[in-house]
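Numbering (my numbering), first residue to last: 5 to 217.
Some notes on the structure that comes next.
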């Protein structure tokens, strides 16, 4: 199985890539700048285009849109969340995922592949506890993106899953988070393996629970 993972240089992305490689999958690891990874800046259409050109017509069985940033942590309502931060975070967290799907759609169609979007429970409308406005909004947009992609790609035999990876001990989640990247990766890969056109469009946690939208 050929798997392409964005943001595979650290954290959950690296753990997923390592685990899938270990079980025998052919993993294309991408990152903005990391030795041993194919360069990919998901916020740059030219970079996404170069990746698509490099892959040519090679089929993709699973595209994992994992690249993301969380830059607005701790921002205050009075003077935080500047416009350029909104633009940058949406460009990476939402537009970047869409650009990858769009550019690699011929590769996915060739394999009748799957798309996994790594979102967050903070994007759920039922988890509105305040703060982190940009991150929450971008992850909510990713949930919506996944739901609509699932509708449009179902006739192509391409399944789309949306996932909350858990609160993970990464640079983004912090050292006090609940689970390790390896635990999250194992659960997510189980979800990817189970994903099918019959279950397309669902929002699930890494450990298999249905998550409210």
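Even for Gly, the Cβ is constructed at its ideal location relative to N, Cα and C.
Can you check whether the CB of residue j is closer than 8 Å to the CB of residue i?
| i | j | result |
| --- | --- | --- |
| residue 119 | residue 67 | yes |
| residue 46 | residue 19 | no |
| residue 150 | residue 205 | yes |
| residue 161 | residue 140 | no |
| residue 15 | residue 185 | yes |
| residue 32 | residue 8 | yes |
| residue 5 | residue 30 | yes |
Roughly how far, in whole angstroms, is the beta-carbon of residue i from the beta-carbon of residue j, given that I think they are within contact range, below 8 Å?
| i | j | result |
| --- | --- | --- |
| residue 121 | residue 64 | Contact flag wrong, Cβ pair sits at about 15 Å. |
| residue 93 | residue 124 | Incorrect: roughly 12 Å between the Cβ atoms, too far for contact. |
| residue 59 | residue 111 | 6 Å |
Given that a residue counts as buried once 16 or more other Cβ atoms are within 10 Å of its Cβ, and exposed if not, what is residue i?
| i | result |
| --- | --- |
| residue 208 | buried |
| residue 80 | exposed |
| residue 146 | buried |
| residue 106 | exposed |
| residue 182 | exposed |
| residue 76 | buried |
Quick one: give me the first and last residue of the alpha helix (DSSP H) that residue i is part of.
| i | result |
| --- | --- |
| residue 153 | 137-157 |
| residue 192 | 185-198 |
How far does the beta strand (DSSP E) with residue i in it reach, from first residue to last?
| i | result |
| --- | --- |
| residue 165 | 163-168 |
request  = Kindly provide the ranges of any alpha helix (DSSP H) runs that are 4 or more residues long and lie completely inside the region 43-112, ordered along the chain.
outcome  = 49-59, 87-94, 100-107
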